[in-house]
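Accompanying notes for the structure given below.
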Amino acid sequence: MKHGLVIACGGIGSRLYKSIPKQFVLIKNKPLLFWTLKNILKFKFNEIVVTYPRGYKLHTEDICKNFENILLVEGGKRRQDSVRNAVNCLKSSDVLFIHDGVRPFVNKRLINSLLKSIGDNSGIIPVLKIPETVKEICSDRTTKTIDRKNLYLIQTPQVFYLKHYLKVLDKVDFSIEYTDDAQMFEMLGESIATIEGLRYNIKITYDEDIILAEKLLEIFI
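Note that the numbering used here has the sequence shown beginning at 3, numbered continuously upward.
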């Protein structure tokens, strides 16, 4: 089977207080997107598509020139628009990997585990149990404690058989904003398989995450 990779980094990332989108923030003198590509491309993909925010094509080209056979596609207003633009560029892939451009600590072991476990499922995603107590808050006051037994944090890469993913794109209500790709399957009544993710496969979202990423790079790079 042939494997296609979509790197979703068409967004601006407003929760990180920087003047540029977070995928271009420097960590150890390299843009965040560089580290994501360096790690995930230790697995050999047949097709690779990277999305970029409008106005940042040259920034993205400058990073991607360090790697081979990457196609760049302008992202859309929402994450799902960017991913759809990229998926439509895949020509020969059977299995689709969708990964956040700001998760630099993915590794080959997780990718192989996802591939090994997808089986007859339409897709599979990495998840983590929630160790902390979860509460509902209203007007800065607690209202109730949520039973976290069946609650999980969701990571990427998310993996799908491309033919199933394309069918979902055709059927799902695309006016709804989806926070991940598995949610589109769920909206059509289809569940997605899961495996345990990696605690250090963090998504760089807030300023404090940059500090953590710098420390993790000292360990893993």
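For each residue, glycine too, the CB sits at the ideal point set by N, CA and C.
Remember, predicted model here, so these are calculated numbers, not experimental data.
| Hey, how far is the Cα of F187 from the Cα of V52? | Residue numbering aside, residue 187 sits at position 185 when the sequence shown is read from its first letter. Residue numbering aside, residue 52 sits at position 50 when the sequence shown is read from its first letter. Each residue's alpha carbon lies about 23 angstroms from the other.
| message | Tell me the residue span of the alpha helix (DSSP H) that contains D83. | response | As a working mapping, residue 83 is identified with position 81 in the sequence shown. Membership of D83 in the alpha helix (DSSP H) is indicated by the continuous run 81-89.
| query | Between the C-alpha atoms of G191 and K151, what's the straight-line distance to the nearest angstrom? | reply | The residue you call residue 191 lines up with position 189 of the sequence shown. The residue you call residue 151 lines up with position 149 of the sequence shown. Looking at the two C-alpha atoms, the distance is approximately 22 angstroms.
| field | Candidates R80, L60, L164, Y154, of which the one nearest I120 by Cα | value | On the sequence shown, position 118 is the one that residue 120 refers to. Cα-wise, what sits closest to I120 is L164.
| query | If you draw a straight line from the alpha carbon of N87 to that of N41, how long is it in whole angstroms? | reply | Within the sequence shown, numbered from 1, the residue matching residue 87 stands at position 85. Within the sequence shown, numbered from 1, the residue matching residue 41 stands at position 39. Going by the C-alpha atoms only, they are around 23 angstroms apart.
| What does a CB cutoff of less than 7 angstroms around I197 pick up in its chain, not counting 5 residues either side in sequence? | What you label residue 197 is simply residue 195 of the sequence shown in a count that begins at 1. By the criterion of a C-beta distance shorter than 7 angstroms, I197 is surrounded in its chain by S115, L116, S119, I126, P128, once the five residues flanking it on both sides are discounted.
| Rounded to a whole number of angstroms, what is the C-alpha to C-alpha distance between D175 and G78? | Walking along the sequence shown from the start, residue 175 turns up at place 173. Walking along the sequence shown from the start, residue 78 turns up at place 76. Going from the Cα of D175 to the Cα of G78 covers about 17 angstroms.
| Opposing strand residues paired with D96 [DSSP bridges] | Against the sequence shown, residue 96 aligns to sequence position 94. DSSP lists no partner for D96.
| request: Decide if C140 is buried, meaning its Cβ has at least 16 other Cβ atoms within 10 Å, or exposed. | output: Numbered from 1 along the sequence shown, position 138 holds the residue referred to as residue 140. So C140 counts as exposed.
| request: Measure the Cβ-Cβ separation of Q160 and K205 and say whether it is below 9 angstroms. | output: Reading the sequence shown from its first residue, position 158 is the one you call residue 160. Reading the sequence shown from its first residue, position 203 is the one you call residue 205. Taking 9 angstroms as the Cβ cut-off, Q160 and K205 do not qualify as a contacting pair.
| With a CB to CB cut of under 7 angstroms and the five nearest residues on each side skipped, what residues in its chain are close to S95? | Taking the first residue of the sequence shown as 1, we reach residue 95 at position 93. Taken in chain order, the residues that qualify are K4, H5, G6, N48, E49, L164.
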